[in-house]
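All residue numbers for the sequence shown refer to our numbering, where the first residue is 7 and numbers rise by one. Ideal Cβ placement from N, Cα and C applies to all residues, glycine included. Just so you know, these numbers come straight off a predicted model, no measurement behind them.
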Amino acid sequence: MTTPIPATLIPGDGIGPEIMDATLEVLAALDAPFEWDTQVAGLAGVKACDNPLPTATLDSIRRTRLALKGPLETPSGGGYRSSNVRLREEFKLYANLRPAKTIVPGGRYDNIDLVVVRENNEGLYMGYEHFIAIDGNPHAVAISTGVNTHEGSRKLIEYAFEYAIAHGRKKITIVHKANIMKALTGIFLEAGRELYNEKYKGKIAFDDIIIDACSMKLVMNPWAFDVIVTTNLFGDILSDLVAGLVGGLGMAPGANIGTDAAIFEAVHGSAPDIAGKGIANPTALLLGAAMMLDHVKLDDKATRLRKAIDETLNIDKIRTGDLGGSANTKTFTQALVARLR
Ligand code: NAI
Numbered sequence: 007m008t009t010p011i012p013a014t015l016i017p018g019d020g021i022g023p024e025i026m027d028a029t030l031e032v033l034a035a036l037d038a039p040f041e042w043d044t045q046v047a048g049l050a051g052v053k054a055c056d057n058p059l060p061t062a063t064l065d066s067i068r069r070t071r072l073a074l075k076g077p078l079e080t081p082s083g084g085g086y087r088s089s090n091v092r093l094r095e096e097f098k099l100y101a102n103l104r105p106a107k108t109i110v111p112g113g114r115y116d117n118i119d120l121v122v123v124r125e126n127n128e129g130l131y132m133g134y135e136h137f138i139a140i141d142g143n144p145h146a147v148a149i150s151t152g153v154n155t156h157e158g159s160r161k162l163i164e165y166a167f168e169y170a171i172a173h174g175r176k177k178i179t180i181v182h183k184a185n186i187m188k189a190l191t192g193i194f195l196e197a198g199r200e201l202y203n204e205k206y207k208g209k210i211a212f213d214d215i216i217i218d219a220c221s222m223k224l225v226m227n228p229w230a231f232d233v234i235v236t237t238n239l240f241g242d243i244l245s246d247l248v249a250g251l252v253g254g255l256g257m258a259p260g261a262n263i264g265t266d267a268a269i270f271e272a273v274h275g276s277a278p279d280i281a282g283k284g285i286a287n288p289t290a291l292l293l294g295a296a297m298m299l300d301h302v303k304l305d306d307k308a309t310r311l312r313k314a315i316d317e318t319l320n321i322d323k324i325r326t327g328d329l330g331g332s333a334n335t336k337t338f339t340q341a342l343v344a345r346l347r
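Shown next as structure tokens:
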């Protein structure tokens, strides 16, 4: 019998509970040995105990050091600070790993196999921002300060190099804007070049590109990239872009990795436009669960899960609406579970 693995479960907001139910059903069919401790955060936290990141949730992750999380809603403009960002800070989850791989062929792009490694704790996400009032207008001026450290950049880029080499990848590309933000993103590029020259020269190809050129090239010729390493905000934007290359947000998982804790999720948000309709694609969260199985070294289960997803989508041709199919969350999940039996 496999030893039970304690893990925190956060169903999330919007479509979160729908895709989490689907994922739990599939993990149960796989006999995944997770011992779930269910907690709330985001809007569900505010509703349950007036706190978007309750102490009980933090305590649970402090104990398990492992979580599967649905999307959490964050108000735009004012309101509480993102619980996602706070979780990444609290558990020092410095690397955000976001693979984008074609599963359903025949889309706009075929044979995409890219990984975005996003810095997760620094940059413009630190929330050092404020307004300055002028002439009675409280929002006359907005100021934001980004912070990137040499140590933080180096740690993240080293993670990316190690990941790339361990997974047989061919090239690392640092994405930056060091021509304009010479200090803020220059330090990131500098740390990458230094690390490459010190430790990785000859082991893997390495280049760099500015974010604007990278965006254009990702649309024109995404096959030119392999592993992209970049700062927090650029990584956020590029991971949605690369999700678009493989069929959209319904197909893109993410792992937030720290030295001694990890949180797995989908790249997408709570999708309020389709919440409660039962039509969300659970694949992104399921692929997040597959990354979680890899993380706890249950590689055989991760491989079975990925194979079953592939077969459900490509042999059974059961697909949700975002992929042009007519299945809903439930019928897709049932088909996937049938593949696992
Ligand atoms: P979103 O990612 O929730 O949705 C963007 C579009 O993609 C929508 O049209 C949505 O219906 C579609 N979509 C997303 N996931 C889908 C799925 N699994 N199946 C089918 N269609 C899907 O982005 P949006 O609307 O900008 O953000 C909504 C909320 O989510 C915000 O409060 C935001 O802060 C939060 N958010 C949370 C994230 C997280 O918890 N990691 C990440 C991104 C956003």
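Task: Helix, strand or coil at A286 [DSSP, three-state] - done: Position 280 of the sequence shown holds residue 286. Three-state result, A286: coil.
Open item on the list: Between which residues of its own chain and A28 is the CB-CB distance below 6 angstroms, once the five residues before and five after are set aside?
Closed with: In the sequence shown, counting from the first residue as 1, residue 28 sits at position 22. Within the same chain, Cβ atoms closer than 6 angstroms to the Cβ of A28 are found at P288, T335 and T339, the five residues on either side in sequence being excluded.
- [ ] Report yes if the C-beta of K75 is less than 8 angstroms from at least one heavy atom of the ligand NAI; otherwise report no.
- [x] Your numbering for residue 75 matches position 69 in the sequence shown. At least one heavy atom of the ligand NAI is nearer than 8 angstroms to the Cβ of K75, so yes.
Open item on the list: Helix, strand or coil, according to DSSP, for D141 in the structure here?
Closed with: As a working mapping, residue 141 is identified with position 135 in the sequence shown. Correct three-state label for D141: coil.
Open item on the list: If distances are taken between C-alpha atoms only, which option among G48, L342 and K207 comes closest to E317?
Closed with: Taking the sequence shown and counting its residues from 1, one reaches residue 317 at position 311. If we check each option's Cα against that of E317, L342 comes out closest.
Open item on the list: According to DSSP, is R124 part of a helix, a strand, or is it coil?
Closed with: Within the sequence shown, the letter at position 118 stands for residue 124. In the structure shown, R124 adopts extended strand secondary structure according to DSSP, grouped into three states.
- [ ] Classify D306 as helix, strand or coil using the three-state DSSP reduction.
- [x] On the sequence shown, residue 306 is found 300 positions in, with the first residue counted as 1. Helix.
Open item on the list: The alpha helix (DSSP H) that contains F194, what's its start and end?
Closed with: Counting from one through the sequence shown, the residue named residue 194 turns up at place 188. Here the alpha helix (DSSP H) through F194 covers G192 to L201.
Open item on the list: Closest to S150 by C-alpha separation, out of I163, L130 and S159, would be which residue?
Closed with: Numbered from 1 along the sequence shown, position 144 holds the residue referred to as residue 150. Out of I163, L130 and S159, L130 has the C-alpha closest to the C-alpha of S150.
Open item on the list: Under 8 angstroms: does the beta carbon of E157 sit that close to some heavy atom of the ligand NAI?
Closed with: As a working mapping, residue 157 is identified with position 151 in the sequence shown. Distance from the C-beta of E157 to the nearest heavy atom of the ligand NAI is not below 8 angstroms.
Task: Where I324 falls, given that 16 or more other Cβ within 10 Å makes a residue buried - done: Counting from one through the sequence shown, the residue named residue 324 turns up at place 318. By the Cβ-count criterion, I324 is buried, with 16 or more other Cβ atoms from all chains shown falling within 10 Å of its own Cβ.
Open item on the list: I need the boundaries of the alpha helix (DSSP H) containing T44, first residue and last residue.
Closed with: In the sequence shown, counting from the first residue as 1, residue 44 sits at position 38. DSSP places T44 in no alpha helix (DSSP H) but in the uninterrupted beta strand (DSSP E) bounded by F40 to T44.
Task: Alpha-carbon spacing of Y3 relative to V252, whole angstroms - done: Nothing can be reported for residue 3, as the shown portion of the chain is limited to 7 through 347.
Open item on the list: G198 and S159 - do their beta-carbons sit closer together than 9 angstroms?
Closed with: The count along the sequence shown starts at 1 and reaches residue 159 at position 153. The count along the sequence shown starts at 1 and reaches residue 198 at position 192. Yes, the pair counts as a contact, with Cβ atoms nearer than the cut-off.
Open item on the list: Is G48 a contact residue of the ligand NAI, with contact defined as CB to any heavy atom under 8 angstroms?
Closed with: Walking along the sequence shown from the start, residue 48 turns up at place 42. Judged by the Cβ position, G48 qualifies as a neighbour of the ligand NAI at the 8 angstroms threshold, a heavy atom of the ligand being closer than this.
Task: Residue range of the unbroken beta strand (DSSP E) whose run includes F212 - done: Along the sequence shown, read from residue 1 onward, the residue named residue 212 stands at position 206. F212 -> beta strand (DSSP E) spans A211 to I216.
Task: Beta carbon nearer than 5 angstroms to a non-hydrogen atom of the ligand NAI - done: The filter returns P77, L78, E79, T80, N90, L255, G256, H274, G275, S276, A277, D279, I280, A286, N287 and D328, in chain order.
Open item on the list: Does the beta-carbon of P58, which I'm using as the reference point, lie nearer than 8 angstroms to any heavy atom of the ligand HEM?
Closed with: In terms of ligand content, the structure shown lacks the ligand HEM and carries the ligand NAI instead.
TODO: Below 7 angstroms CB to CB, which residues in the same chain sit around P144 once its five sequence neighbours on both sides are set aside?
DONE: As a working mapping, residue 144 is identified with position 138 in the sequence shown. Result list for P144: F137, in chain order.
- [ ] Could you check what DSSP says for P105 in three-state terms: helix, strand or coil?
- [x] As a working mapping, residue 105 is identified with position 99 in the sequence shown. In the three-state scheme derived from DSSP, where H, G and I count as helix and E and B as strand, P105 is classed as strand.
Task: Residues that DSSP places opposite V235 in a beta bridge - done: Here the question's residue 235 lines up with position 229 in the sequence shown. DSSP, once it has assigned bridges, lists V123 and I180 as partnering V235.
Task: Same chain only: Cβ atoms within 8 angstroms of I285, ignoring 5 sequence neighbours per side - done: Your numbering for residue 285 matches position 279 in the sequence shown. T326, G327, N334 and T335, listed in sequence order.
TODO: Can you have a look at S89 and say buried or exposed, based on whether 16 or more other CB atoms are within 10 angstroms of its CB?
DONE: The residue labelled residue 89 in the question sits at position 83 within the sequence shown. With 16 or more Cβ atoms within 10 Å of its Cβ, S89 is classed as buried.
Task: For L74, the first and last residue of its enclosing beta strand (DSSP E) - done: In the sequence shown, counting from the first residue as 1, residue 74 sits at position 68. Residues L72 to K75.
- [ ] On a CA-only basis, which of A106, N203, G208 and V233 is nearest A166? Give me that one, please.
- [x] In the sequence shown, residue 166 corresponds to position 160, counting from 1. The shortest C-alpha separation from A166 is found at V233.
Task: Short Cβ contact (9 angstroms threshold) for V121 with R175 - done: As a first step, residue 121 is located in the sequence shown; it is residue number 115 there, counting from the start. As a first step, residue 175 is located in the sequence shown; it is residue number 169 there, counting from the start. Contact flag set, yes.
Open item on the list: What residue range does the alpha helix (DSSP H) around L162 cover?
Closed with: To locate residue 162, count along the sequence shown from 1; it is residue 156. The continuous alpha helix (DSSP H) containing L162 extends over residues H156 to A172.
Task: Residues sharing a beta bridge with N262, DSSP - done: Against the sequence shown, residue 262 aligns to sequence position 256. Beta-bridge annotation (DSSP): N262 is paired with N102 and I269.
Task: Per-residue DSSP class, three states only, for T326 - done: Stepping through the sequence shown from its first residue, residue 326 is reached at position 320. Here T326 sits in strand by DSSP.
Task: Continuous alpha helix (DSSP H) stretch holding T335: start and end - done: Locating residue 335 in the sequence shown gives position 329, where the first residue counts as 1. Element bounds for T335: T335 to L346.
Open item on the list: Starting from A13, trace the beta strand (DSSP E) in both directions and tell me its first and last residue.
Closed with: Working through the sequence shown from its first residue, we reach residue 13 at position 7. Where A13 is concerned, the enclosing beta strand (DSSP E) stretches over I11 to I16.
Task: Cβ-based burial, N185 [other Cβ within 10 Å; buried from 16] - done: One-based indexing of the sequence shown puts residue 185 at position 179. Around the beta-carbon of N185, fewer than 16 other beta-carbon atoms lie within 10 Å, marking it exposed.
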